[in-house]
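Take a look at the structure set out below.
Numbering (this note's numbering), first residue to last: 98 to 137.
Right under this line is the structure:
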């Protein structure tokens, strides 16, 4: 369940930032890693 919540948080972060690059910068991770998380 925690993983599902983390995935949802990643999705919301991308939506709020209106892009993977900015969301990744804010989250301190790479855009490709964030993209993989949202893709799940």
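Glycine included, every Cβ here is placed at the ideal spot set by N, Cα and C.
Within a Cβ cutoff of 7 Å, which residues of the same chain sit near residue i, ignoring the five residues on either side of it in sequence?
i	result
residue 134	104 and 107
residue 114	120 and 123
Taking the Cβ atom as the reference point for each residue, do residue i and residue j lie within a distance shorter than 8 Å?
i	j	result
residue 128	residue 121	yes
For residue i, which residues of its own chain have a beta-carbon under 8 Å away from its beta-carbon, when the five flanking residues on both sides are left out?
i	result
residue 110	120, 123, 124 and 131
residue 137	104
residue 118	128
- Task: Pick out the complete alpha helix (DSSP H) segments inside the region 106 to 132, 4 residues or longer, and give them in chain order.
- Result: Taken in chain order, the unbroken stretches of alpha helix (DSSP H) that lie wholly in the region 106 to 132 and span 4 residues or more are 117 to 124.
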